[in-house]
Amino acid sequence: MANYSTTPGPATAAAVNKRIRRGRIEPIIFHTLNTIFMIILVIVTLYPFLNTIVVSFNAGSDTIRGGLYLWPREFTLQNYKAVFVSGTIYNAFVISVARTVLSTLLNLFLTTMLAYTLSRREYVFRKPITFIFILTMYFNAGLIPGYFLMKDLHLINTFWVYVIPSMISAFNMIVIRTYIGSISESLVESARIDGAGDFKIFWQIIFPLCKPVLATIALFVAVGAWNSWFDAFIYTSSRQELSTLQYELMKLLSSSMNANNNPSVAAGAGMTQGAAAQMVTPLSIRASVTVVASVPILLVYPFMQKYFVVGLNVGSVKE
1 MANYSTTPGP
11 ATAAAVNKRI
21 RRGRIEPIIF
31 HTLNTIFMII
41 LVIVTLYPFL
51 NTIVVSFNAG
61 SDTIRGGLYL
71 WPREFTLQNY
81 KAVFVSGTIY
91 NAFVISVART
101 VLSTLLNLFL
111 TTMLAYTLSR
121 REYVFRKPIT
131 FIFILTMYFN
141 AGLIPGYFLM
151 KDLHLINTFW
161 VYVIPSMISA
171 FNMIVIRTYI
181 GSISESLVES
191 ARIDGAGDFK
201 IFWQIIFPLC
211 KPVLATIALF
221 VAVGAWNSWF
231 DAFIYTSSRQ
241 ELSTLQYELM
251 KLLSSSMNAN
261 NNPSVAAGAG
271 MTQGAAAQMV
281 TPLSIRASVT
291 VVASVPILLV
301 YPFMQKYFVV
311 GLNVGSVKE
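Numbering (full-length UniProt numbering) for the sequence shown: 1 to 319.
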């Protein structure tokens with residue numbers, strides 16, 4: 001009878017120990033390289049914005065010398081005074097906040113309602129209507145037909161031209177519909193047995209459960225509405241009281257490119273035009289405008305960040 005020994009030989013034991021050491025070392029190497037990569041990524045991402053803030057608080061004439069990194073060399077608030085000198089900035093800020101809030105709320109509510117309807121298997125027109133919405137993602141009428149459409153709808157030079165065209169988004173609808181499809185069908189069936197109608201099921205069951213994806217979509221819509229200025233240029237340029245913050249900042253940025261001939265920049269800086277041309281430069285104005293336009297979104301983002309990863313993961317798979 002053959003004698004089979006259960007004790008590993010010297011070669012086998014060495015191979016096992018080698019695998020154990022490799023199993024311990026590989027995670028350490030991975031986490032170390034991953035940490036170094038993420039630190040470099042954070043620095044590369046964060047440094048340009050920090051440098052922009054520094055430039056916005058530094059005297060324009062000194063910024064031209066270069067060598068400005070993480071701290072202002074000649075601290076000044078003249079750049080921001082030049083930005084806020086115009087009284088139209090404050091009215092434009094109110095218009096931008098109003099359009100951002102209204103566009104976000106209406107887009108979320110209506111797009112989610114549409115997504116819920118198109119997610120119901122018993123709805124017979126779900127496929128053709130979904131196809132029509134997807135078609136709009138690839139083809140659009142263009143600028144001039146779009147302008148005449150707004151004109152025929154009597155939306156030119158009205159506040160609602162900012163809100164109504166953005167109430168439904170095909171891309172957002174697909175993302176939300178995918179998320180609704182992941183919710184258990186038994187919830188809807190239980191609600192129907194209890195006598196709930198479609199609107200009650202949507203509002204009291206589906207809508208609250210969509211909180212992660214809605215937070216992500218809300219951030220997308222809010223950032224788009226806040227940063228938009230071209231629609232103000234096209235549709236409401238003849239009514240100053242409807243101008244948005246981004247459009248006013250864009251005009252200020254364009255005019256600051258010729259600071260020697262820009263009396264508003266000089267008045268905002270509280271000095272003569274010649275002195276303003278030395279202290280407030282197009283580069284410093286551009287940095288100040290960037291900071292002013294970014295701060296509201298930066299204040300909102302931390303409150304939605306916890307939902308962001310979940311929402312993006314849901315949106316990465318589309319049916």
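Even glycine gets a Cβ: it sits at the ideal position worked out from N, Cα and C. Here the structure is a predicted model, which is why all the values come from computation and not from measurement.
Local conformation of residue 269 per DSSP, three classes = Unreliable positioning characterises residue 269 in this predicted model, as indicated by a pLDDT of 48, which lies under 50. The coordinate reading is nonetheless provided below. Helix at residue 269.
Pair every Cβ in the segment 279-289 with every Cβ in the segment 55-70, then say whether three or more of these pairs are closer than 8 Å.
-> The segment 279-289 is in contact with the segment 55-70.
Following the continuous alpha helix (DSSP H) through residue 226, name the residue where it begins and the one where it ends.
-> First-last of the alpha helix (DSSP H) with residue 226: 211-227.
Return the chain-ordered ranges of every beta strand (DSSP E) run that is complete within the segment 128-163 and spans a minimum of 3 residues.
-> Within the segment 128-163, no complete beta strand (DSSP E) run reaches 3 residues.
Residue 242 beta carbon less than 8 Å from that of residue 89 = Not closer than 8 Å, so no.
Kindly indicate which residue of 298, 133, 35, 117 has the alpha-carbon position closest to the one of residue 200.
-> Distance from the Cα of residue 200 is smallest, within the candidate group 298, 133, 35, 117, for 117.
If you draw a straight line from the alpha carbon of residue 121 to that of residue 26, how long is it in whole angstroms?
-> One C-alpha to the other measures close to 48 Å.
Tell me whether residue 57 sits in a helix, a strand or coil according to DSSP, three-state version.
-> Three-state DSSP puts residue 57 in coil, outside helix and strand.
Start and end of the alpha helix (DSSP H) containing residue 67?
-> No alpha helix (DSSP H) contains residue 67, which DSSP labels as neither H nor E.
Which of helix, strand or coil DSSP assigns to residue 125 | In the displayed model, residue 125 falls within coil according to three-state DSSP, outside both helix and strand.
By the 10 Å Cβ neighbour count, where 16 or more other Cβ atoms means buried, how is residue 212 classified, buried or exposed?
-> Classification of residue 212: buried, given that the 10 Å Cβ count is 16 or more.
One or two residues paired with residue 75 in a DSSP bridge = BP columns for residue 75 point to 58.
To the nearest angstrom, report how far apart residue 247 and residue 229 are at their CA atoms.
-> The straight-line gap separating the alpha-carbon atoms of residue 247 and residue 229 is approximately 5 Å.
Exposed unless 16 or more other CB atoms sit within 10 angstroms - verdict on residue 204 | Answer is exposed; the Cβ neighbour count stays below 16.
Burial state of residue 71, where buried means 16 or more other Cβ atoms lie within 10 Å | That one is exposed.
Can you grab the Cα-Cα spacing for the pair residue 280 / residue 293, in whole Å?
-> Cα atoms of residue 280 and residue 293: separation of roughly 18 Å, rounded to the nearest angstrom.
Do you know how far the Cα of residue 34 is from the Cα of residue 253?
-> So the two alpha carbons sit approximately 40 Å from each other.
So, using beta-carbon positions, are residue 104 and residue 222 closer together than 8 Å?
-> Residue 222 is positioned such that its CB atom lies closer than 8 Å to that of residue 104.
Short check: CB of residue 172 to CB of residue 111, under 8 Å?
-> Annotated as proximal: residue 172 and residue 111, with beta-carbon spacing under 8 Å.
Does the distance from the C-beta atom of residue 150 to that of residue 161 stay below 8 Å?
-> Yes, they are a contact pair.
Please say whether residue 206 and residue 183 have beta carbons closer to each other than 8 Å?
-> For the pair residue 183 and residue 206, the CB atoms are nearer than the 8 Å cut-off.
Of the residues 235, 225, 289, the one placed nearest residue 251, counting alpha carbons only | Of the listed residues, the one whose Cα sits closest to residue 251 is 289.
Where does residue 85 sit, in a helix, a strand or coil, going by DSSP?
-> Three-state DSSP puts residue 85 in coil, outside helix and strand.
Classify residue 292 as helix, strand or coil using the three-state DSSP reduction.
-> Of the three classes helix, strand and coil, the one that applies to residue 292 here is helix, per DSSP.
Would you kindly report the start and end of the unbroken alpha helix (DSSP H) that includes residue 181?
-> Residue 181: member of the alpha helix (DSSP H) spanning 170-181, first to last residue.
Confirm, please, whether the CB-CB distance from residue 52 to residue 291 is below 8 Å.
-> When the beta-carbon positions are compared, residue 291 and residue 52 come within less than 8 Å of each other.
Tell me whether residue 166 is buried or exposed, calling it buried when 16 or more other Cβ atoms sit within 10 Å of its Cβ.
-> By the neighbour-count rule (16 or more Cβ atoms within 10 Å), residue 166 is buried.
Check whether residue 98 and residue 180 have beta carbons under 8 Å apart = In terms of Cβ geometry, residue 98 and residue 180 do not form a close pair [threshold 8 Å].
Comparing alpha-carbon positions, which option in 235, 216, 297, 237 lies nearest residue 108?
-> Considering only 235, 216, 297, 237, the residue with the shortest C-alpha distance to residue 108 is 216.
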